[in-house]
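S.K.: Residue numbers (this note's numbering), protein chains in the order written: chain A, 1 to 358; chain B, 359 to 716.
Ideal placement from N, C-alpha and C gives every residue a C-beta, glycine not left out.
There's a structure below that I have some questions on.
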Ligand SMILES: O=C(O)CCC(=O)C(=O)O
Ligand SMILES: O=C(O)CCC(=O)C(=O)O
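Right, here's the structure in full:
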């Protein structure tokens with residue numbers, strides 16, 4: 001492992017990492033002390049604590065009816081996509097072209113009354129489309145909805161529910177000596193998938209209802225995820241008048257079309273590309289780099305009450321299964337990562353070296 | 359900092375690191391809690407606590423006379439070199455050649471009665487050579503002696519003194535959840551310098567008498583230190599019969615000569631090279647790599663009672679000044695580093711990429 005003129009340094013990096021680290025997540029018997037947590041932060045290594053949030057008020061009380069009673073018709077921000085692909089690499093076919101390219105597809109964001117949003121989720125989940133009833137019980141064309149505004153929404157939009165969860169995770173607060181930068185609520189159903197990406201946050205992720213399926217890759221796997229500069233695009237509701245005419249823009253089903261973001265005064269091509277992973281650990285043969293095969297993804301499913309520590313800069317892809325009521329609900333706490341020390345500059349280094357080899 | 363096709367990734371790494379991290383050491387008002395310490399471990403960042411060991415029995419009682427009384431003529435292992443260059447890159451001239459090369463010079467190791475070793479150190483320090491007395495008060499040719507066997511010597515050779523220091527550093531033990539792998543005693547004078555190198559240990563270094571001057575470089579600076587494969591060599595006392603004949607082998611003053619290690623049955627050239635830094639932060643123009651100029655060394659001097667946390671894999675060069683009695687004494691605690699997580703494989707990666715660029 002020490003002398004390595006022979007091997008490709010990137011392949012060696014990933015192999016060394018795999019040799020020294022397990023690809024099975026550590027399961028703790030109980031929540032860690034601040035010191036125990038800090039050891040995981042120091043090692044940049046995930047863990048899960050089963051049932052740690054089992055007696056949170058949220059986990060105990062957030063049934064669909066309870067939430068509808070609680071929030072009623074309050075408007076909430078909903079991400080609407082045709083395939084559950086909010087913030088995901090997506091094939092786009094320009095109106096006047098036959099060839100499609102990958103773009104970064106942002107959802108259509110729409111204020112919706114909370115209770116009809118929940119009804120939409122559960123109906124879609126519990127009464128799926130059948131040949132006689134191609135859109136299930138939904139009246140409109142099928143679309144996928146996900147409350148996923150990662151903007152501290154539980155302390156703002158959903159502040160009424162905030163008292164049902166701790167304001168911070170005590171051991172994380174003590175260890176990191178800071179309060180969470182954001183507390184986020186996630187409400188969706190099995191149609192939504194969060195594409196592989198990473199965040200500059202220490203993340204404590206808590207499952208409330210339904211299940212989440214995480215695929216995790218450590219920061220050293222940057223050369224495996226096929227990061228590309230993608231043009232930003234967004235979904236919008238198709239205007240009825242134009243719906244027959246100019247192609248579906250790659251938007252597919254639902255009343256949604258995908259359009260490229262327009263440049264800020266610099267013309268349509270002027271939008272800056274979004275660097276984004278296009279490799280999907282669940283379709284490893286597609287968009288692979290020469291290093292993707294070396295990855296040993298860590299997989300973990302969270303059940304209601306389970307708590308995951310997802311260290312900063314780890315790639316994660318997240319899919320979901322619903323509770324018997326037909327929803328999937330989670331809460332997470334984002335704590336600013338520490339940019340001092342070697343990890344952040346070394347991660348940039350890995351990316352730069354891997355860009356050079358392209 | 360994010361997009362970097364333009365710049366050399368190694369230069370970018372060191373520059374980014376410097377931008378995010380101070381090159382001045384943090385000074386703590388008091389010893390850290392285990393949790394506070396773990397934050398430094400997580401950031402792989404040094405700190406110093408002035409006076410933390412001021413009331414240790416060692417700091418209070420270890421005068422030269424006290425130590426002589428205590429250990430008397432017990433034999434201790436002493437590293438003997440002509441220039442205070444134990445374990446240092448050193449120019450070597452083969453007997454039949456005019457050109458010299460850098461080799462890795464190990465000291466001559468010799469059992470010496472403790473009290474005469476101490477007398478040698480203090481006499482050399484306090485009564486330096488003068489024109490009338492070219493070797494000071496020393497009777498023999500000048501040489502440099504240093505008790506520096508980093509083999510847990512305070513728990514073995516010097517076990518009689520062990521009770522004068524704590525067996526472990528409480529906050530380090532709690533944080534790292536392990537006992538020290540080695541507790542080392544260092545006794546020398548201002549003639550000895552420890553060359554720039556790094557260890558796979560978390561190091562708590564405590565000054566007892568005299569002062570130590572550390573120059574510290576973080577692990578990302580590997581490309582700056584000009585690591586080379588050096589042939590191993592060692593000093594030995596010149597045999598009188600041969601001293602006139604075959605050159606001084608680069609050994610210089612003193613009755614010592616430098617000889618290459620012999621290959622273990624594979625012939626003289628068979629010894630494996632030792633990878634070692636040949637750049638010296640105090641002579642930055644010599645042996646520089648194209649990255650050496652980017653280094654911002656951290657410098658810290660320890661006074662008696664001061665405690666330094668030197669994180670694993672940091673390069674350190676250490677020189678010393680004597681107490682009024684003419685010695686420099688320190689104790690350090692080595693805790694095994696954690697090889698899990700990204701730091702160790704990423705450090706290997708930096709070395710591999712920098713080897714590729716050579
Ligand atoms: O729950 C999800 O769909 C994604 C979660 C996520 O990306 C995060 O917590 O950072
Ligand atoms: O004190 C010295 O001379 C060197 C110390 C050292 O290298 C260490 O503590 O690892």
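With 8 Å as the C-beta to C-beta threshold (strictly closer), list the residues of the segment 398-422 of chain B near chain A in chain order.
M.R.: Result list: 399, 400, 401, 402, 403.
S.K.: Mind checking whether the beta-carbon of residue 561(B) lies closer than 7 Å to any heavy atom of ligand 2?
M.R.: On the second chain, residue 561(B) is found 203 positions in, with the first residue counted as 1. Residue 561(B) Cβ: within cutoff of ligand 2.
S.K.: So what does residue 319(A) bridge to, in DSSP terms?
M.R.: Taking the first chain and counting its residues from 1, one reaches residue 319(A) at position 319. Its beta-bridge partners are 193(A), 213(A).
S.K.: Would a C-beta distance cut-off of 8 Å place residue 582(B) and residue 647(B) closer than the cut-off?
M.R.: By one-based count along the second chain, residue 582(B) stands at place 224. By one-based count along the second chain, residue 647(B) stands at place 289. Cβ distance < 8 Å, so residue 582(B) and residue 647(B) count as in contact.
S.K.: Who are the neighbours of residue 581(B) on chain A, taking C-beta pairs under 8 Å?
M.R.: As a working mapping, residue 581(B) is identified with position 223 in the second chain. Residues of chain A passing the Cβ test: none, with the nearest at roughly 10 Å.
S.K.: Between residue 382(B) and chain A, is there a C-beta pair that is closer than 8 Å?
M.R.: Against the second chain, residue 382(B) aligns to sequence position 24. Output row for residue 382(B): interface = no.
S.K.: Got a sec: which bits of the segment 571-597 of chain B sit with their beta carbon under 7 Å from any beta carbon on chain A, in order along the chain?
M.R.: Answer set for the segment 571-597 of chain B: 576, 577, 578.
S.K.: By a C-beta neighbour count over all protein chains shown, 10 Å radius and 16 as the cutoff for buried, is residue 415(B) buried or exposed?
M.R.: Position 57 of the second chain, counting from 1, holds the residue named residue 415(B). By the neighbour-count rule (16 or more Cβ atoms within 10 Å), residue 415(B) is not buried but exposed.
S.K.: In angstroms with no decimal places, state the Cα-to-Cα distance between residue 504(B) and residue 463(B).
M.R.: Here the question's residue 504(B) lines up with position 146 in the second chain. Here the question's residue 463(B) lines up with position 105 in the second chain. C-alpha separation (whole angstroms): 14 Å.
S.K.: Return the bridge partner residues of residue 77(A) from the DSSP annotation.
M.R.: As a first step, residue 77(A) is located in the first chain; it is residue number 77 there, counting from the start. Paired residue(s): 111(A).
S.K.: Contact check, residue 306(A) vs residue 52(A) under 8 Å by CB: the rounded distance?
M.R.: Counted from its first residue, the first chain places residue 306(A) at position 306. Counted from its first residue, the first chain places residue 52(A) at position 52. Sure, about 7 Å apart at Cβ, within 8 Å.
S.K.: Is it the case that the CB of residue 207(A) approaches a heavy atom of ligand 1 more closely than 7 Å?
M.R.: Reading the first chain from its first residue, position 207 is the one you call residue 207(A). It does not: the Cβ of residue 207(A) is nowhere closer than 7 Å to a heavy atom of ligand 1.
S.K.: Check each residue of the segment 293-314 of chain A: if its Cβ is closer than 8 Å to any Cβ of chain B, include it; give the result in chain order.
M.R.: From the segment 293-314 of chain A, no residue has a Cβ closer than 8 Å to chain B.
S.K.: Mapping DSSP to helix, strand and coil, what is residue 694(B)?
M.R.: Working through the second chain from its first residue, we reach residue 694(B) at position 336. If DSSP states are grouped into helix, strand and coil, residue 694(B) belongs with the strands.
S.K.: If the cut is a Cβ gap below 8 Å, which residues of chain B does residue 79(A) touch?
M.R.: In the first chain, the residue the question calls residue 79(A) occupies position 79. By Cβ distance, chain B contributes nothing, its closest Cβ being about 25 Å from residue 79(A), past 8 Å.
S.K.: Which of the three DSSP states, helix, strand or coil, is assigned to residue 545(B)?
M.R.: The sequence position of residue 545(B) within the second chain is 187, counting from 1. In this structure, residue 545(B) counts as strand in the three-state DSSP scheme.
S.K.: So, at 7 Å on beta carbons, what are the nonlocal neighbours of residue 158(A) in its own chain, with the 5 sequence-adjacent residues on each side left out?
M.R.: As a working mapping, residue 158(A) is identified with position 158 in the first chain. Cβ neighbours of residue 158(A) beyond the five flanking positions: 185.
S.K.: Report the rounded CA-to-CA distance for residue 677(B) versus residue 645(B), giving the unit in angstroms.
M.R.: Your numbering for residue 677(B) matches position 319 in the second chain. Your numbering for residue 645(B) matches position 287 in the second chain. Going from the Cα of residue 677(B) to the Cα of residue 645(B) covers about 20 Å.
S.K.: Can you tell which of 26(A), 108(A), 144(A) has the C-alpha that lies nearest to the C-alpha of residue 123(A)?
M.R.: Walking along the first chain from the start, residue 123(A) turns up at place 123. The shortest Cα separation from residue 123(A) among 26(A), 108(A), 144(A) belongs to 144(A).
S.K.: If residue 111(A) and residue 80(A) are in contact, beta carbons under 8 Å, what's the gap, nearest whole angstrom?
M.R.: As a working mapping, residue 111(A) is identified with position 111 in the first chain. As a working mapping, residue 80(A) is identified with position 80 in the first chain. With a Cβ gap of about 11 Å, residue 111(A) and residue 80(A) do not count as contacting.
S.K.: Would residue 382(B) be called buried (16 or more neighbouring beta carbons within 10 Å of its own) or exposed?
M.R.: Sequence index remark: in the second chain, residue 382(B) carries index 24 (1-based). Residue 382(B) comes out exposed.
S.K.: Out of 231(A), 117(A), 93(A), 44(A), state which residue places its alpha-carbon closest to the alpha-carbon of residue 73(A).
M.R.: Walking along the first chain from the start, residue 73(A) turns up at place 73. Of 231(A), 117(A), 93(A), 44(A), the residue nearest in Cα terms is 117(A).
S.K.: From this set, 534(B), 711(B), 686(B), which residue's C-alpha is nearest residue 506(B)'s C-alpha?
M.R.: Working through the second chain from its first residue, we reach residue 506(B) at position 148. Measuring from the Cα of residue 506(B), the nearest candidate turns out to be 686(B).
S.K.: Verify the contact flag: residue 654(B), CB atom, against every heavy atom of ligand 1, threshold strictly below 7 Å.
M.R.: Locating residue 654(B) in the second chain gives position 296, counting from the first residue. No.
S.K.: Specify whether the segment 512-527 of chain B and the segment 648-663 of chain B touch according to this definition: at least 3 beta carbon pairs, one from each stretch, less than 8 Å apart.
M.R.: Verdict: no, contact absent.
S.K.: For ligand 1, any of its heavy atoms closer than 7 Å to the Cβ of residue 194(A)?
M.R.: In the first chain, counting from the first residue as 1, residue 194(A) sits at position 194. Yes, Cβ of residue 194(A) sits closer than 7 Å to a heavy atom of ligand 1.
S.K.: Quick one, which residues of the segment 333-349 of chain A are near chain B if we go by CB-CB under 7 Å, in chain order?
M.R.: Answer set for the segment 333-349 of chain A: 338, 339, 340, 341, 342, 343, 344, 345, 346, 348, 349.
S.K.: Taking 7 Å as the cut-off, is the C-beta of residue 547(B) nearer than that to any heavy atom in ligand 2?
M.R.: Sequence index remark: in the second chain, residue 547(B) carries index 189 (1-based). The answer is no for residue 547(B).
S.K.: Quick one: grab the DSSP three-state call for residue 24(A).
M.R.: Looking up residue 24(A) in the first chain gives position 24. If DSSP states are grouped into helix, strand and coil, residue 24(A) belongs with coil.
S.K.: Assuming contact is defined by CB atoms lying nearer than 8 Å, are residue 655(B) and residue 352(A) in contact in what I supplied?
M.R.: To locate residue 655(B), count along the second chain from 1; it is residue 297. To locate residue 352(A), count along the first chain from 1; it is residue 352. Against a cut-off of 8 Å, the Cβ pair of residue 352(A) and residue 655(B) comes out as no contact.
S.K.: Can you tell me whether residue 565(B) is helix, strand or coil according to DSSP?
M.R.: By 1-based counting over the second chain, the position of residue 565(B) is 207. Correct three-state label for residue 565(B): strand.
S.K.: So with CB distances below 9 Å, who are the chain B contacts of residue 12(A)?
M.R.: Position 12 of the first chain holds residue 12(A). Simply 703, 706, 707, 710.
S.K.: Residue 330(A): beta carbon under 7 Å from a heavy atom of ligand 1?
M.R.: Along the first chain, read from residue 1 onward, the residue named residue 330(A) stands at position 330. Yes, the Cβ of residue 330(A) comes within 7 Å of a heavy atom of ligand 1.
S.K.: Which residues in the same chain as residue 408(B) place their Cβ atom closer than 6 Å to its Cβ, once the five residues preceding and following it in sequence are excluded?
M.R.: Along the second chain, read from residue 1 onward, the residue named residue 408(B) stands at position 50. Result list for residue 408(B): 664, in chain order.
S.K.: Terminal residues of the continuous beta strand (DSSP E) containing residue 106(A)?
M.R.: What you label residue 106(A) is simply residue 106 of the first chain in a count that begins at 1. It spans 101-106 - the beta strand (DSSP E) in which residue 106(A) sits, taken as one unbroken run.
S.K.: For residue 371(A), which residues of its own chain have a beta-carbon under 7 Å away from its beta-carbon, when the five flanking residues on both sides are left out?
M.R.: Missing from the structure shown is residue 371(A); chain A here goes from 1 to 358 and no further.
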